[in-house]
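*Asks:*
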Amino acid sequence: MTAPTTYGLSSEARNLHWLLTNLVEEVPGIQSVAVVSSDGLLLLSSDPAHTEQSRAARPAKGPRGSAADLATIVSGIGSLTVGAARLLEHGGVKHTMVAMDEGSLFVMSISDGSLLGVHGSAECDMSVVAYHMALFVGRAGHVLTPELRSELRKSMEAESAGSTR
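If you want my numbering, it's the position in the sequence shown, counting the first as 1, plus 318.
1. What residues are listed by DSSP as bridge partners for I348?
2. I'd like the list of long-range same chain contacts for H450, defined as Cβ closer than 7 Å, with 5 residues on each side in sequence excluded.
3. Bridge partners for A417 per DSSP, in chain order?
4. Using 8 Å as the threshold, is the C-beta distance between E469 and L337 below it?
5. Can you check DSSP and say which residues form a bridge with V354?
6. Taking the continuous alpha helix (DSSP H) assigned at L398, which residues delimit it?
7. Considering only their Cβ atoms, is the gap separating A452 from L485 smaller than 8 Å?
8. Please classify S384: is it buried, with 16 or more other beta-carbons within 10 angstroms of its beta-carbon, or exposed?
9. According to DSSP, is S328 part of a helix, a strand, or is it coil?
10. Taking all protein chains shown into account, do 16 or more other C-beta atoms lie within 10 angstroms of the C-beta of S393, making it buried, or fewer, making it exposed?
11. In angstroms with no decimal places, state the Cα-to-Cα distance between S397 and L423.
12. Could you tell me the distance, in whole angstroms, from the CA atom of G401 to the CA atom of I391?
13. Can the beta-carbon of V354 be found less than 8 Å from the beta-carbon of S432?
Structure (structure tokens):
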């Protein structure tokens, strides 16, 4: 997996990139990771190539090989579970797990509506993935300020523009 460029980013943004890369490299079975803002925008991804051009080069397994697709799924699941929690009147949603025949999807709240989504293979150990996601959230939650979210979003947009040329 190729790490996205962190040139020109603040130390907080570089640290979040490092945490995400570490999550993917340390936990066996993780296929892709996306950090999504409360309004559904992709902020950070383990997939440096999240454009239409790169989708064609990736295998069909997973959310069409795209971090943008994973972000859409994570945002939708996050919205659905928050709505369910409100209807059931049981407080906020901490995490959601979807187990499938050939893989898993994990969604965990970070802060103020931001979400961490992980797509794992069928062989991944769900408890290990959940543990490492909780570590990521614990380390990233307090630094994911509005300013940092804006910086990460602009970085993702610039990366997309650069890879479509």
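Positions of the beta carbon are idealized from the N, C-alpha and C atoms, including for glycine.
For clarity, every value in this text was computed on a predicted model and none was experimentally measured.
*Replies:* On the basis of the data shown:
1. G438
2. Around H450, the same chain offers L341, E344 and V345 as residues with beta carbons nearer than 7 Å, after the five sequence neighbours per side are excluded.
3. Answer is S422, bridged to A417.
4. No; because the gap between Cβ atoms is not below 8 Å, this pair is not in contact.
5. L360 and L433
6. Its alpha helix (DSSP H) spans residues A385 to L406.
7. Outside the shown range of the chain, which is 319 to 483, sits residue 485, and nothing can be said about it.
8. buried
9. In the three-state scheme derived from DSSP, where H, G and I count as helix and E and B as strand, S328 is classed as coil.
10. By the C-beta density criterion, S393 is buried, having at least 16 other C-beta atoms within 10 angstroms.
11. 15 Å
12. 15 Å
13. yes
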